[in-house]
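For reference, the structure is listed below as structure tokens.
2 protein chains.
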Amino acid sequence: MAKVKKQPRPKAETPKGFRDYFGAEVTQRAEMLRTIAGVYHRYGFDALESSAVETVEALGKFLPDVDRPNEGVFAWQEAEDEGKGDWLALRYDMTAPLARVYAQHRNDLPTPYRRYTMGPVWRNEKPGPGRFRQFYQCDADTVGTSSMAADAEICAMLADTLEAVGIARGDYLIRVNNRKVLNGVLEAAGIDGDATRDAVLRTIDKFDKVGEAGVRELLGQGRLDASGAYIDGVGLSPAQAAPVLAFLTSKGAAAGETLANLRAAVGESDFGAEGVAELQAIADLLEAQGYGPDRIVIDPSVVRGLGYYTGPVFEAELTFEILDEKGRTRQFGSVAGGGRYDDLVKRFTGQAVPATGISIGVDRLLAALHAKGRISAEARGPVVVTVMDRDRMADYQAMVAELRLAGLRAEGYLGNPKNFGTPLTYADKRHSPAAVIEGADEKARGVVQIKDLILGAEIAAQATLEEWQENPSQIEVPRAELVARVREIVERGQS
Amino acid sequence: MAKVKKQPRPKAETPKGFRDYFGAEVTQRAEMLRTIAGVYHRYGFDALESSAVETVEALGKFLPDVDRPNEGVFAWQEAEDEGKGDWLALRYDMTAPLARVYAQHRNDLPTPYRRYTMGPVWRNEKPGPGRFRQFYQCDADTVGTSSMAADAEICAMLADTLEAVGIARGDYLIRVNNRKVLNGVLEAAGIDGDATRDAVLRTIDKFDKVGEAGVRELLGQGRLDASGAYIDGVGLSPAQAAPVLAFLTSKGAAAGETLANLRAAVGESDFGAEGVAELQAIADLLEAQGYGPDRIVIDPSVVRGLGYYTGPVFEAELTFEILDEKGRTRQFGSVAGGGRYDDLVKRFTGQAVPATGISIGVDRLLAALHAKGRISAEARGPVVVTVMDRDRMADYQAMVAELRLAGLRAEGYLGNPKNFGTPLTYADKRHSPAAVIEGADEKARGVVQIKDLILGAEIAAQATLEEWQENPSQIEVPRAELVARVREIVERGQS
């Protein structure tokens, strides 16, 4: 007789590049998003939650940054209409959906439209260590105004947000640059032709890595890199390279000095002068609002995003040092970026609408707070009421209800208590602050035992055997004092 | 010369069956989810956010309810491996992912594992009015215990949750039934064979609609329905139908009476007796915790979900009346449901793991609070500082910064003020409580004008022309009093 072929069991795994988040990972992120939303709200921004699924047509074919692959979305075709259904896709960022939302609802939305949004986005990219295909974005944008006051406001809001979530003043810096200044510099250098322009932009992007001397070589004839390979240069003359280098190194001690250097770097370029004037306007507005250079600075060495944005560009960096995987100290680095982009909805309506905004890397920011010890990885578990006598479950659950009613996190142990140790092992696994025990003897005497598990763990780690046997982490209290005494232990554990 | 063919513009629309959520829709839901999470946390439940994307293999081929189509997910194939990539899909509920998570992480998770989760799910179904293909679910489940204390706890938690979000005691009722009792009744009625069984289950499902007499006819020979069509019956004898009808109508004035009626209905069935004992245990536990029949009742007429769950079944109904679209009063109805299901992870591990849980319909619950007037549809907008002189933008933004620093929601008007009316129209659209005006004259005199827009709207609606012209809704105050006077207006508007 032929054997019946067994259906193979499905694998219990997330798809490659996806992960689950547990306990404190979820609640700490939720708490951070709530804090950020509070600041955004105070700044007059309104919440938006657009659908996670968009038509591929509305998303456009390309991801916004030149760095990213041209494909990279999760997409599928609607089954309807005999294979002629719309192609749908998961959003890959919050900006493309904002463009669609603004174009769709523009008659109902106020102008300017300040909106914030927070939620997951999806990228169909090759996953890697720490690189996931679903992650959170938290964006704020102002649509429909070309006023630099909108850009300055975004920078001020970003500073307030970082402080609100727990990054101390002095531990972050928001740096501001402007694409128009760069364009002016390119004009002053007499660089035209898209190919040369792109090559110069790519070289500028390497400033952080290779420094002034390296960029000078790469803008000229080329450079021998650290590995010994020769990298061809862009082929600019030293005279052409000079404004570019002046731009990259124009940061002075104060905004006035930086702006004067930039004015020199853009030479006769009208476009460049416009960019410098924009930076001046932002600096003036921020000064009037009390945001000094300890929080927000004009910094022409900010190059990230310069290829994508069309005016001011912002970047928030955390300036404290952490240890990397190899034990070397390095600056924590960027946690947010943004800038001004024109033509937000032009694809849809034919009409150019200016916009400016910021995107916060929520998971990076959480990692920073962990690195600074501002939030702990482990959340405190519930008080566990052990079950000594299964027939008296109702009594135990009544104790649990009493504790909960008093606002304490509590639960009865609902596992199968083969022996007394099981519920205590469980309480350990949950990082419970306390366990409550009421056996037949305690019941008869009108008392309960309370084990202080935090103190117990400390004693276990430090105490001698004798001290351990005295067991001061367990107390016997009258049943009527249950809630009050448990509260003392829980509150002591929180402090 | 041939004309250059223009690329057609993309349509600015969500895909069919999807929608966007704006302002208060987003923040009110977030606030509700936060409140619910607070209750769940207090009960010892831990947060989980599983990935939105699962392998089709892990989700399984079928949606959980028999009512739903067998297909119905948004799925696509990974591009890798020459067309042999995994099929991935968006989760259609939170239970299938819980099974995968528990199977994947069972060695690291505590047992029992109490978890809650909240977020969007996606259904590839035909959209209709009020029926969307992306919506929120908010679930809590206890995995790994067969104790009825877990089921009772879920019911108590649901009651606490409804009260925490603003449903008053007396405005809701949680009803509890048990699948095993039904199975016992079918056994007592001598019904076997899957086809007959399924037909009886379908008939029971119609109890709410056709009542006892209707079910009696449908269990027997059949019934002429309201439209005049004859519906064939299941063909049971009156003796066979009797236990089913006794089951459906067994609800008494108190739990004891109901349970006695059920004991009679299940006759000699051991399975039925087990179900009645489970209901008895739940009733006893809830009584000990102080959850009386004004909040949670044993009610055998709960039939929804009986086909899917394997033990206790819960349903939360809001009992107050609302007007439907046609102006008729009806009970608001169900906002949450759940129950006990075995074999949660058996598909993955071969091992049966019992679980019990609840799912809250967050959007239904929000609709209920709107219907009761507990939350208002319009959120208050920011205080708007108007821009009278564009060269003095820094002054205006400094005022805004002062208001924000004082915790007031505020913004400068950043639109293009062609005339004075524009920023006030904007403030109206934002439902702003106040507008601040400082022209050259006010600046010279060291004062500002504050328009109370809430009072202004009231006056505009009620006042005579003369009263309107006196314009008491606008006050002039010293610049130094700006924050204090604006705060008064904002706080008056909130009360």
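Chains Z and P, in that order, are what the protein sequence lines are. So the first sequence is numbered by our numbering: it starts at 313 and just counts up by one. So the second sequence is numbered by our numbering: it starts at 313 and just counts up by one. Ideal Cβ positions, reconstructed from N, Cα and C, are used throughout, including at glycine. Since this is a predicted model, take the numbers as computed values, not measurements.
- By the criterion of at least three beta-carbon pairs nearer than 8 Å, the segment 748 to 760 of chain Z is in contact with the segment 694 to 712 of chain Z.
- Listed along chain P are Tyr738, Lys741 and Arg742, each with a C-beta nearer than 7 Å to that of Z/Pro422.
- Sequence-distant Cβ neighbours of Z/Tyr738 in its own chain, meaning closer than 7 Å and more than five residues away, are Val696, Tyr725 and Gly727.
- Residue contact with chain P for Z/Glu723: present (Cβ-Cβ distance below 8 Å to some residue of chain P).
- Between P/Ile766 and P/Gly650, the gap from beta carbon to beta carbon reaches 8 Å or more.
- Note that the C-beta distance between Z/Ser581 and Z/Ala500 is below 8 Å.
- For P/Lys396, the closest alpha carbon among the candidates P/Trp388, P/Glu529 and P/Leu402 is that of P/Trp388.
- One alpha carbon belongs to Z/Phe357, the other to Z/Phe334, and they sit about 30 Å apart.
- For Z/Gln416, the enclosing alpha helix (DSSP H) begins and ends at Thr407 to His417.
- In the same chain as Z/Ala585, and ignoring 5 residues on each side of it, the C-beta atoms closer than 8 Å to its own belong to Gly496, Arg575 and Val578, in chain order.
- Per DSSP, the continuous alpha helix (DSSP H) segment holding Z/Glu569 begins and ends at Ala567 to Val578.
- When the beta-carbon positions are compared, Z/Arg721 and P/Arg354 come within less than 8 Å of each other.
- For Z/Met705, at least one C-beta of chain P is nearer than 8 Å to its own C-beta.
- Here Z/Leu536 carries a strand assignment [DSSP, helix/strand/coil].
- P/Ala554 and P/Glu627 have their alpha carbons spaced roughly 25 Å apart.
- Annotation for P/Phe660: the continuous alpha helix (DSSP H) segment containing it runs Lys658 to Thr661.
- The beta carbon of P/Phe644 sits no closer than 8 Å to any beta carbon of chain Z.
- Beta-bridge partners assigned by DSSP to P/Thr454: P/Arg426 and P/Thr668.
- Taking 8 Å as the threshold, the shortest C-beta distance from Z/Ala462 to chain P falls below it.
- Contacts with chain Z at 8 Å (Cβ-Cβ) include P/Tyr355.
- At a cut-off of 8 Å, the C-beta of P/Asp358 has a neighbouring C-beta in chain Z.
- At a cut-off of 8 Å between beta-carbon atoms, P/Leu400 makes contact with chain Z.
- Annotation: P/Val455 to P/Thr423 spans about 7 Å, alpha carbon to alpha carbon.
- The continuous alpha helix (DSSP H) containing Z/Ile771 extends over residues Leu765 to Gln774.
- Inter-residue distance for P/Ser363 and Z/Asp451 is about 21 Å (C-alpha atoms, whole angstroms).
- Between P/Gly431 and P/Ala349, the alpha-carbon positions lie close to 12 Å from each other.
- Put simply, the CB of Z/Gln449 is far from chain P, with every gap to its CB atoms at 8 Å or more.
- For P/Thr631, the secondary structure class from DSSP, reduced to helix, strand or coil, is strand.
- Here P/Gln601 carries a coil assignment [DSSP, helix/strand/coil].
- Secondary-structure assignment with DSSP links P/Leu530 through no beta bridge to anything.
- Just measuring C-alpha positions, the residue of Z/Gly540, Z/Ala541, Z/Ala511 and Z/Ser539 sitting nearest Z/Val527 is Z/Ala511.
- By the C-beta density criterion, Z/Arg412 is buried, having at least 16 other C-beta atoms within 10 angstroms.
- Contact between Z/Arg791 and Z/Gly768 is ruled out by a C-beta separation of about 22 Å, above the 8 Å threshold.
- Within the segment 571 to 596 of chain P, contact with chain Z at the beta-carbon level (separation under 9 Å) is assigned to Ala593 and Asp596.
- With a contact defined as Cβ atoms closer than 8 Å, P/Glu366 and Z/Pro439 miss out at about 15 Å.
- Going by C-alpha positions, P/Leu630 is about 36 Å away from P/Asp740.
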